[in-house]
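The structure under discussion appears below in the form of structure tokens.
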Amino acid sequence: MVSESAPAAPPPEPAGTPADPGAPSSEADIAAVFRHEYGRAVAVLTRVLGDIDAAEDAVQDAFTLAVRRWPSTGLPPSPAGWIITTARNRAIDRLRRESGRGEKQLKAALLQEALAPAAPTPEEHLVAELSKEGMVDDDRLRLIFTCCHPALALNVQVALTLRLLGGLTTAEISRAFLVPDATMAQRLVRAKAKIRDARIPYRVPRGAELPARLPPVLAVVYLIFNEGYSSSSGGPGLREDLCREAIRLGRVLAALMPDEPEVKGLLALMLLTESRRPARLAGGGAVLLSEQDRSLWDRGLGREGQELVRQCLRRNRPGPYQLQAAINAVHFDAPDAASTDWRQILRLYDQLLAASPGPVVALNRAVALAEVEGPEAALGLVEGLGLGNYYLFHAVRADFLRRLDRPAEAAAAYVEALDLAGNAADRRFLEARVRETGAKRAMPD
Amino acid sequence: MAQYLLSVYQPVGPAPAPEVLEPIMQDLEALNRDMKAAGVWVFAAGLHPTDTATVVRQQGTEVLITDGPFAEAKEHLGGFTVIDAPDLDAALGWAGRLARATTLPIEVRPVQH
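Residue numbers (my numbering), protein chains in the order written: chain Y, 1 to 445; chain U, 1001 to 1113.
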């Protein structure tokens, strides 16, 4: 039997990026460093400066400088170290400028001393600090618990985490939430002001506090994963980095809280979903689960997810993440779509619907029901769900109609889905379906 | 250290019967003692009902006095406590005890400094 006390340890990650140091760096290199290092840098600087706004300003200053310098100098040996050191120096400059004298100047002096006491250079000191095991993870955990503090509204928690830990732009976040950019920008400004003025602490809650503080963190990590998996930003389609970041945060949480089955469940769910990534796209379009080339699935990620699901089953304290992970584990078990155990999946969806009722779960359950009892019964179930603004509702409904040989209605539903889909890969898939069903509709009887 | 205003919101209506109010007042006294012992207590007060309130406002060059309260609402400020606390979590901990003692919702707001 596999020991349950051995948590999936996060693999060591280099602080740098895959790009060659010293080589001339392109905009894409710098963008990659930004995505990799923004959250890490903001987390470290927030601890150092004690203020998120100041940390963000400093990190943004550092990246602005990087954009000017790196194209000619190439990437420094440790881009993360460079960004953090530069951000710290910028923060000290800012504090000096803003303060004639008094508290801020004192703070600047203390900051300089605290950070570079005996180290030969501040950069070496910081690089050493970065490589200390757990140090940066702790900073990122602290930051995520601050972002997901219950004194902040859920939509604010998600937006803050995506902004501060995921490095998403305000525009990307506002697209994900379907709100105007200005609204999102104001929401973020207010949230950071509340953290500062109400003094929401920058620490990981322990002991009795933890059970209440954990669910929002898990919800936020899963939303980050989903943003990466089915990115709403039209651009480069899939944001693999976001998924990796969410999985990385999931591993850290699972290692930190080995007795919380929902943490394991969330990690398993993300791993099993991620394992299908290599088969999800073909020719720039999304590929349905039933039509994916399963030999492309990442067996390593999938098996790791399945093992976590087994550990959860032994615990027998099911929750929504564990149930969703179990559903994905059933898919992973099937060598091909035809051998999928849909009855088992439907049973798991029944449990999931009882544990966390909602129209989206009901929609997914209907997909399983269509496999067990046929699309007619499933179509009747989804009509009243009130999901008219959700593109997947129209796509699922279209699929049922297509299978019921009602091509005109199916084509109309695909068009509705297309109008609402933000992701280019999904749009391509839907466009193909519109063409197919449309062609069928156009054919004479 | 920061200061936080813990406001007690109570429904409009007659005061609870003495046998209900008595244990609440005892719990509140005990909480105030604990706050003082912990060095967090700054000030606390209970307020008379809103029908004792008067509103004063400037209108042009004059000051206008009217019968209160300022806004009619289903809940109103029934009392408040000001505490010193290192951060919001500490303040929320005390606010939780105040909510249990009063059985009423507490609004926690940081004081500008």
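Think of the CB as a built atom: it goes at the ideal place given N, C-alpha and C, for glycine as much as any other residue.
Separation of residue j from residue i, as counted between CA atoms
| i | j | result |
| --- | --- | --- |
| E133 of chain Y | D139 of chain Y | At E133 of chain Y, the pLDDT of 44 sits below 50, so the modelled position is not reliable and the matter cannot be decided from this model. |
| R251 of chain Y | W1094 of chain U | 34 angstroms |
| P357 of chain Y | G384 of chain Y | 15 angstroms |
| L1088 of chain U | F145 of chain Y | 13 angstroms |
| Q322 of chain Y | G388 of chain Y | 28 angstroms |
| F1080 of chain U | E1022 of chain U | 18 angstroms |
| V382 of chain Y | N423 of chain Y | 23 angstroms |
| L353 of chain Y | W342 of chain Y | 16 angstroms |
| P1049 of chain U | T169 of chain Y | 49 angstroms |
| P318 of chain Y | E262 of chain Y | 8 angstroms |
| A1038 of chain U | R190 of chain Y | 32 angstroms |
| A1015 of chain U | V1108 of chain U | 23 angstroms |
| H149 of chain Y | I200 of chain Y | 8 angstroms |
| P335 of chain Y | A378 of chain Y | 25 angstroms |
| L267 of chain Y | I247 of chain Y | 6 angstroms |
| R1097 of chain U | G1013 of chain U | 24 angstroms |
| S275 of chain Y | G305 of chain Y | 9 angstroms |
| I68 of chain Y | L420 of chain Y | The residue you asked about is not Ile; residue 68 of chain Y is Arg in the sequence shown. So the two alpha carbons sit approximately 38 angstroms from each other. |
| A212 of chain Y | I195 of chain Y | 19 angstroms |
| E1019 of chain U | V309 of chain Y | 54 angstroms |
| L448 of chain Y | P1086 of chain U | In this structure chain Y extends from 1 to 445, so residue 448 of chain Y is not present and cannot be described. |
| P281 of chain Y | L288 of chain Y | Note on residue identity: the sequence assigns Leu, not Pro, to residue 281 of chain Y. Between L281 of chain Y and L288 of chain Y, the C-alpha separation is close to 9 angstroms. |
| R403 of chain Y | Q324 of chain Y | 26 angstroms |
| L165 of chain Y | M1025 of chain U | 46 angstroms |
| M270 of chain Y | P79 of chain Y | 28 angstroms |
| E98 of chain Y | N316 of chain Y | 57 angstroms |
| I30 of chain Y | P1110 of chain U | 40 angstroms |
| A193 of chain Y | A208 of chain Y | 28 angstroms |
| S174 of chain Y | L210 of chain Y | 30 angstroms |
| V59 of chain Y | P320 of chain Y | 37 angstroms |
| P450 of chain Y | H1113 of chain U | Residue numbering for chain Y in the displayed model covers 1 to 445; residue 450 of chain Y lies beyond these limits and cannot be assessed. |
| P1011 of chain U | R35 of chain Y | 50 angstroms |
| L75 of chain Y | A28 of chain Y | 12 angstroms |
| L95 of chain Y | L188 of chain Y | 23 angstroms |
| D93 of chain Y | A66 of chain Y | 17 angstroms |
| P216 of chain Y | P375 of chain Y | 35 angstroms |
| I52 of chain Y | E1062 of chain U | 46 angstroms |
| G39 of chain Y | D399 of chain Y | 40 angstroms |
| E409 of chain Y | G380 of chain Y | 14 angstroms |
| G1078 of chain U | T46 of chain Y | 38 angstroms |
Same chain only: Cβ atoms within 8 angstroms of residue i, ignoring 5 sequence neighbours per side
| i | result |
| --- | --- |
| T1054 of chain U | I1065, T1066, D1067 and G1068 |
| P278 of chain Y | L296, W297 and D298 |
| I1083 of chain U | Q1003, Y1004, L1006, M1035, V1040, W1041, V1042, A1091 and W1094 |
| Y222 of chain Y | A246, L266, L269, M270 and Y321 |
| M257 of chain Y | L210, L214 and V263 |
Contacts around residue i, its chain only, beta-carbon distance under 7 angstroms, and the 5 residues preceding and following it disregarded
| i | result |
| --- | --- |
| L418 of chain Y | R427, L430, E431 and V434 |
| A54 of chain Y | A91 |
| A411 of chain Y | V434, T437, G438 and R441 |
| G290 of chain Y | It is Ser, not Gly, that sits at residue 290 of chain Y in the sequence shown. Same-chain partners within the cutoff: A337. |
| V372 of chain Y | W342, R343 and L346 |
| T273 of chain Y | Y229 and N328 |
| K264 of chain Y | A254, L308, Q311 and C312 |
Bridge partner(s) assigned by DSSP for residue i
| i | result |
| --- | --- |
| G386 of chain Y | Answer is none; G386 of chain Y lacks a bridge partner. |
| Q1010 of chain U | U:H1076 |
| I1106 of chain U | U:V1008 |
| T1081 of chain U | U:L1006 and U:A1044 |
| R1057 of chain U | U:L1064 |
| A282 of chain Y | Y:G285 |
6 angstroms CB neighbourhood of residue i in its chain, flanking five on each side removed
| i | result |
| --- | --- |
| R142 of chain Y | Y202, R203 and V204 |
| V220 of chain Y | C148, Q157, V158 and T161 |
| D1027 of chain U | A1101 |
| R1057 of chain U | L1064 |
| A1099 of chain U | I1106 |
| A326 of chain Y | V309 and L348 |
- Pull out every residue of the segment 1080-1094 of chain U whose Cβ sits closer than 9 angstroms to any Cβ of chain Y, in chain order. Cβ contacts with chain Y come from A1085, P1086, D1087, L1088, D1089, A1090, A1091 and L1092.
- Task: Give, in chain order, every unbroken run of the alpha helix (DSSP H) that is at least 4 residues long and sits entirely within the segment 287-320 of chain Y.
- Result: For the segment 287-320 of chain Y, whole alpha helix (DSSP H) runs of length 4 or above, ordered along the chain, are 299-315.
- Query: If you measure beta-carbon to beta-carbon, which residues of the segment 188-202 of chain Y are closer than 8 angstroms to chain U?
  - Reply: Going along the segment 188-202 of chain Y in chain order, one finds D197, A198, R199, I200 and P201 with a Cβ nearer than 8 angstroms to chain U.
- Message: Could you tell me which whole alpha helix (DSSP H) segments of length 4 or greater appear in the segment 197-249 of chain Y?
- Response: Counting whole runs of 4 or more residues, the segment 197-249 of chain Y contains the alpha helix (DSSP H) stretches 210-229.
- Message: Using a Cβ-Cβ cutoff of 8 angstroms, what residues of the segment 137-154 of chain Y are near chain U? List them in chain order.
- Response: Cβ proximity to chain U below 8 angstroms picks out H149 and A151 from the segment 137-154 of chain Y.
- Item | Selection of the segment 1093-1112 of chain U by Cβ proximity to chain Y, strictly under 7 angstroms | Here the close residues are P1110.
- Task: Mind checking the segment 1036-1059 of chain U against chain Y and listing, in chain order, the residues whose C-beta falls within less than 8 angstroms of any C-beta there?
- Result: If the cut-off is 8 angstroms between Cβ atoms, the segment 1036-1059 of chain U has nothing near chain Y.
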